[in-house]
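Student:
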Amino acid sequence: MKVIWVEIKKEILLLLRDKAGLALLFIMPTLLVVVMTYIQDAAFRVLSNDKVEVIWVDNDGSKISNSIKTELEASGYFVLIDSLNNEKLGVEEGKELISNGDYQVGIVIPEDFQNQFKGRVKGRVDSLLSDFGLADSIPKKNFSDQNITINLLFDPLTKATFKTSVANGIMGLVNQLETQISFQAFRSKLAARFPYNPAGNKKMKLDPIIQFQDQFIFKGGQGSIPTSVQHNVPAWSIFAMFFIIVSFSQRIVEERISGVSKRLKTMPANNKFLLFGKALTYLLISEVQVLIILMLGFWFMPIIGLPALEVNGSILLLLFFTIPIALASAGTAIFIGKWSKTRDQAASFGSVIVIIMAALGGIWVPVFAMPNALQQASQFSPLSWALEGYYSIIVRGAGVSELLIPSLILLGLFATTFALSSIKRN
Amino acid sequence: MAAIAIKVDQLNKVYGDGHKALDSISLEIETGSIYGLLGPNGAGKTTLISILIGLLKKSSGSVNVFSENTETINRKELQSNIGVAPQEIALYELLTPIENLQYFATLYGIGSTDIKERSKELLEIFGLWEVKDKQVKKFSGGMKRRLNLITALIHKPKLLFLDEPTEGIDVQSRNAILEFLKELNQKENTTIIYTSHLLAEAESLCHDIMIIDKGKKIVDGNMSELTGSSDKSLQDVFLEFTGSQYRDLQG
């Protein structure tokens, strides 16, 4: 025990004297969590809560095009920009604003839109009535069968998901309006054919018959919708914990290059205890890192306009589950440090392996969104198990039993890397 | 006749790539002597010392330390009795001398009171007490070398291995180290095994010397046995046995 304690004391002293190392351990993860959460929260808001500003170029200026505009604005998702500096926007100005990246979306209503639209609707209604022998005369085909095109303009840098969701939103509203106008025309024709019907000229409003409702299903039936903070705080905390590998493995190489490990091998202290002391030091550091990041989530995030972190499960359990994560990270660092010949080798190998494991573990892109082969491969990333455990506690309010498998896998990684490192030492 | 501290018999070391680093080395080092291990680059000095201090496994032969075979000896007991000052500055540069000594001494199982007393004694002898609270990284090469040696002495070892302890340091530091070693040897009867490229230094310090080359023992004995009755210096003897060609690429 004394050997482990003296090793921890020495490692902490070394860390406290290494200003760059301290920054890497505590300032870098803090910045990472805040910046990444802020960026992802902004993207999340664009797709969900905030209204999208849309360039509106109306070359028709008709009643129907105004109805479309009114419906889009009434939807609550869009703010239509039809003029800048009190000047009505034309197609070219709209295109320029979008190509400059000032706006991401634009809608262009073509000239003669209302006439063509009404003509198409009239043609359809007449044709339908004629099919049932209700037309006064055989309808003349005055209008083209070609679709009327409303152009949707997008900034090429717009993400596909954003483009699709905005386009679907606009098309849904316009289709609803088209149906409504078509039905109204049909009703008017029937009213003309059956003038004795008192409901003939009644205005009708067609609400959608089928509605979709999003529901989040929580364990135990209760919970709140995960926020960007709940997604990002665990993900980047884990990334930071594993990023320790880079500095930790270099420190181990440094010990060997300086001759200290040679000296240690000639001393009557058990080298495995020394290694374990190092691992425990980094466990302590990881716990402090997580505590700092949790405090950031609780108190700092709301100050900068982000949602506060809500932990649906036990914070104590979260700190407890940090133990296997930190040990898995420390074990990997010791392994890389022991098997690397130079500091550069440890730094390069350490950082590359952390980034690959983070990518596979779902830190940047959720595992479910990955191709099948990568989803299978993610099982081999300790970050995936770590993230699964953290999400379980923070979002799903999981208990000890749900954390058993991730904990065992992470501890298994620690045991394996630690044993392989000990072999190298002997 | 003095007791034997180290007895090596027909020691061989062949590395995985087939390179024979040690070839049937036999030697005896008396307790309380200063034994110089000399040889050109790549001669096998470091391999021999590494086997003696337990860092490297031998291929064949036997090694006895204080009359006990190193294969059956209690390793912890052996390690408690040996001190090693490697060629490298094997210290934590971000720690102070006191912190370094506290760390290494604790690993030797020394109590905290003894650590304080012994650290003060050694740091004063080597002129480092005034800078005991400064980080080692701020030290000169000579100061680091002295602290490197102090660390090997903190637990009062019976057997001291020094791998080029005066490499690259100023004359004052070298003189302080050599004088201390002579005094330590005389007062404490500490057996010292010492390697160096500085033949004049070895000549003034060592009681017995072995010249090793290409893994083989070339010659050993005390100074008068090596130089005979002639006026030859140790360097003359060294060059006579090992030749004057460069050896840098053969290590």
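Protein sequence lines correspond, in order, to chains A and B.
The letter at position 341 of the first sequence is residue 331 when you use our numbering, and the numbering goes up by one with no holes.
When you read off a place in the second sequence, starting at 1, and then add 1, the result is the number in our numbering.
Ideal placement from N, C-alpha and C gives every residue a C-beta, glycine not left out.
These numbers were taken from a predicted model, which means no experiment stands behind them.
Restricting to runs no shorter than 3 residues, where is the beta strand (DSSP E) found entirely within the stretch 29 to 81 of chain A?
Tutor: Taking only runs of at least 3 residues, the beta strand (DSSP E) segments lying wholly in the stretch 29 to 81 of chain A are 42 to 48, 68 to 71.
Student: Does the beta-carbon distance from B:I52 to B:V66 come in below 8 Å?
Tutor: Residue mapping note: residue 52 of chain B aligns to position 51 of the second sequence, counting from 1. Residue mapping note: residue 66 of chain B aligns to position 65 of the second sequence, counting from 1. Not a contact, by the Cβ cut-off of 8 Å.
Student: Give me whichever residues DSSP pairs with B:N13 in a beta bridge.
Tutor: Position 12 of the second sequence, counting from 1, holds the residue named residue 13 of chain B. Answer by DSSP bridge pairing, in chain order: B:S61.
Student: Rounded C-beta distance between A:L3 and B:E100? I'm assuming under 8 Å.
Tutor: Numbered from its first residue, the first sequence carries residue 3 of chain A at position 13. Numbered from its first residue, the second sequence carries residue 100 of chain B at position 99. Going by Cβ atoms, the distance from A:L3 to B:E100 rounds to 6 Å, so yes, they are a contact pair.
Student: By how many angstroms is the C-alpha of A:S239 removed from the C-alpha of A:I399?
Tutor: As a first step, residue 399 of chain A must be located in the first sequence, where it is residue number 409. As a first step, residue 239 of chain A must be located in the first sequence, where it is residue number 249. Cα to Cα, the separation comes out at about 22 Å.
Student: Where does the unbroken beta strand (DSSP E) through A:L168 begin, and where does it stop?
Tutor: As a position in the first sequence, residue 168 of chain A is number 178, starting the count at 1. The question names Leu, but residue 168 of chain A in the sequence shown is Glu. No beta strand (DSSP E) holds A:E168; the alpha helix (DSSP H) holding it covers 150 to 183.
Student: Is the CB of B:G112 under 8 Å away from at least one CB in chain A?
Tutor: Here residue 112 of chain B refers to the residue found at position 111 of the second sequence. No - not a single Cβ of chain A is within 8 Å of the one on B:G112.
Student: Could you spell out the range, first to last residue, of the beta strand (DSSP E) harbouring B:Y109?
Tutor: In the second sequence, counting from the first residue as 1, residue 109 of chain B sits at position 108. It is not in any beta strand (DSSP E) - B:Y109 carries neither H nor E in the DSSP assignment.
Student: Within the stretch 198 to 244 of chain B, note down every full beta strand (DSSP E) run reaching 3 residues or more, in order along the chain.
Tutor: DSSP runs (the beta strand (DSSP E)) wholly in the stretch 198 to 244 of chain B: 209 to 214, 217 to 223.
Student: So what does B:W21 bridge to, in DSSP terms?
Tutor: The residue given as residue 21 of chain B occupies position 20 in the second sequence. Trp is not the amino acid found at residue 21 of chain B; the sequence shown has Lys there. Answer by DSSP bridge pairing, in chain order: B:V15.
Student: Is A:G249 close to chain B? Criterion is C-beta to C-beta, closer than 8 Å.
Tutor: What you label residue 249 of chain A is simply residue 259 of the first sequence in a count that begins at 1. Yes, because at least one Cβ of chain B sits closer than 8 Å to the Cβ of A:G249.
Student: Does the stretch 235 to 250 of chain A come close enough to the stretch 327 to 334 of chain A to have 3 or more Cβ pairs within less than 8 Å?
Tutor: The stretch 235 to 250 of chain A, when compared against the stretch 327 to 334 of chain A, does touch it at the 8 Å Cβ threshold.
Student: Which word fits A:T322, buried or exposed, when buried means at least 16 other C-beta atoms lie within 10 angstroms of its C-beta?
Tutor: One-based indexing of the first sequence puts residue 322 of chain A at position 332. Per the 10 Å Cβ criterion, buried.
Student: How about A:G96 and A:G84: do their beta carbons lie closer than 8 Å?
Tutor: Counting from one through the first sequence, the residue named residue 96 of chain A turns up at place 106. Counting from one through the first sequence, the residue named residue 84 of chain A turns up at place 94. Their beta carbons are under 8 Å apart, which means A:G96 touches A:G84 by this criterion.
Student: 8 Å is my cut-off, CB to CB: does B:Y109 come that close to chain A?
Tutor: The residue labelled residue 109 of chain B in the question sits at position 108 within the second sequence. Judged by the 8 Å Cβ criterion, B:Y109 is in contact with chain A.
Student: Could you tell me whether the Cβ of A:K41 comes closer than 8 Å to any Cβ of chain B?
Tutor: Mapped onto the first sequence, residue 41 of chain A falls at position 51. Not one chain B Cβ lies under 8 Å of A:K41.
Student: Between the stretch 264 to 272 of chain A and the stretch 361 to 378 of chain A, can you find at least three pairs of beta-carbon atoms closer than 8 Å?
Tutor: Judged by Cβ distances under 8 Å, the stretch 361 to 378 of chain A makes no contact with the stretch 264 to 272 of chain A, as fewer than three pairs qualify.
Student: Got a sec? Which residues, its chain only, sit under 6 Å from B:K21 by beta carbon, not counting five neighbours each side?
Tutor: Counting from one through the second sequence, the residue named residue 21 of chain B turns up at place 20. These residues qualify, in order along the chain: V15, G216.
Student: Given that a residue counts as buried once 16 or more other Cβ atoms are within 10 Å of its Cβ, and exposed if not, what is A:K149?
Tutor: For this step, residue 149 of chain A is matched to residue 159 along the first sequence. The residue in question, A:K149, is exposed, as its Cβ has fewer than 16 Cβ neighbours within 10 Å.
Student: Select from A:I(-2), A:A225, A:L14 the residue whose C-alpha is nearest the C-alpha of A:T27.
Tutor: By one-based count along the first sequence, residue 27 of chain A stands at place 37. Selected option, being the one with the closest Cα: A:A225.
Student: Under 8 Å, Cβ to Cβ, is there at least one residue of chain B near A:R7?
Tutor: The sequence position of residue 7 of chain A within the first sequence is 17, counting from 1. At least one chain B Cβ lies under 8 Å of A:R7.
Student: Using only the alpha-carbon positions, how far apart do A:A175 and A:L118 sit?
Tutor: Within the first sequence, numbered from 1, the residue matching residue 175 of chain A stands at position 185. Within the first sequence, numbered from 1, the residue matching residue 118 of chain A stands at position 128. C-alpha separation (whole angstroms): 12 Å.
Student: By alpha-carbon positions, which one of A:I294, A:P361, A:A269, A:S411 ends up nearest to A:K0?
Tutor: The sequence position of residue 0 of chain A within the first sequence is 10, counting from 1. Answer by Cα proximity: A:A269.
Student: Given a limit of 9 Å on CB to CB distance, which residues of the stretch 7 to 21 of chain B reach chain A?
Tutor: Answer set for the stretch 7 to 21 of chain B: empty.
Student: Comparing alpha-carbon positions, which option in A:N222, A:D72, A:P258, A:V(-7) lies nearest B:L79?
Tutor: Here residue 79 of chain B refers to the residue found at position 78 when the second sequence is read from its first residue. Selected option, being the one with the closest Cα: A:P258.
Student: Considering only the beta carbon of each residue, do B:P98 and B:L148 sit closer than 8 Å?
Tutor: Position 97 of the second sequence, counted from the start, is the residue given in the question as residue 98 of chain B. Position 147 of the second sequence, counted from the start, is the residue given in the question as residue 148 of chain B. Yes, Cβ-Cβ distance for B:P98 and B:L148 is below 8 Å.
Student: Flag this pair as yes or no: are the beta carbons of B:I126 and B:I83 separated by less than 8 Å?
Tutor: In the second sequence, the residue the question calls residue 126 of chain B occupies position 125. In the second sequence, the residue the question calls residue 83 of chain B occupies position 82. Cβ distance not < 8 Å, so B:I126 and B:I83 don't count as in contact.
Student: Where do the N-terminal and C-terminal ends of the beta strand (DSSP E) with B:F162 fall, by residue?
Tutor: The residue labelled residue 162 of chain B in the question sits at position 161 within the second sequence. 160 to 164 is the span of the beta strand (DSSP E), which, as asked, contains B:F162.
Student: Contact criterion: CB-CB distance below 8 Å. Does B:P98 meet it with respect to chain A?
Tutor: Residue numbering aside, residue 98 of chain B sits at position 97 when the second sequence is read from its first letter. So no, B:P98 is outside the interface.
Student: Within the 8 Å Cβ cut-off, does A:T332 reach chain B?
Tutor: Numbered from 1 along the first sequence, position 342 holds the residue referred to as residue 332 of chain A. No, because no Cβ of chain B sits closer than 8 Å to the Cβ of A:T332.
Student: Look at the Cβ atom of A:F233, then the Cβ atom of A:I353, and state whether they are nearer than 8 Å.
Tutor: Sequence index remark: in the first sequence, residue 233 of chain A carries index 243 (1-based). Sequence index remark: in the first sequence, residue 353 of chain A carries index 363 (1-based). Contact flag unset, no.
Student: What is the rounded straight-line gap between the Cα of A:G287 and the Cα of B:K135?
Tutor: The sequence position of residue 287 of chain A within the first sequence is 297, counting from 1. The sequence position of residue 135 of chain B within the second sequence is 134, counting from 1. When rounded, the distance between both Cα atoms is 40 Å.
Student: For the stretch 271 to 279 of chain A and the stretch 312 to 321 of chain A, state whether three or more C-beta atom pairs, one from each stretch, are separated by less than 8 Å.
Tutor: Touching, yes.
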